[in-house]
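J.: Got a structure for you, written out below as structure tokens; questions coming shortly.
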Amino acid sequence: MKNVRKIFIFTAFITMISIIVLLFFLQDGMSSFMSLFIKDLAGCSVFSFALSQFTYFFEKKVK
């Protein structure tokens, strides 16, 4: 279970970094599609982070 939580946190971290990089580089010519894509990525990272927190809480409850 702990590995699952680490994977979720890792993916959230990677997506947040990639979003920051994308926003930094594509501020000039950002199409609506790209901004939608980045918003989806941000949502996914937030969701995975929340899921990791939930699994951590669940582990505490079980133990």
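According to my numbering, the sequence shown is numbered sequentially starting from 36. Glycine residues also receive a C-beta, built at the ideal position from the N, C-alpha and C atoms.
Is F43 buried or exposed, if buried means 16 or more other CB atoms sit within 10 Å of its CB?
T.: Looking at its Cβ environment, which holds 16 or more other Cβ atoms inside 10 Å, F43 is buried.
J.: To the nearest angstrom, how far is the alpha carbon of Y91 from that of L71?
T.: Approximately 30 Å between the Cα atoms of the pair.
J.: Sort L58, F84, I54 by Cα distance to V39 and report the nearest one.
T.: V39 has its Cα closest to that of F84, out of L58, F84, I54.
J.: Would S80 and M51 be called neighbours here (beta carbons separated by less than 8 Å)?
T.: For S80 and M51, yes; Cβs fall inside 8 Å.
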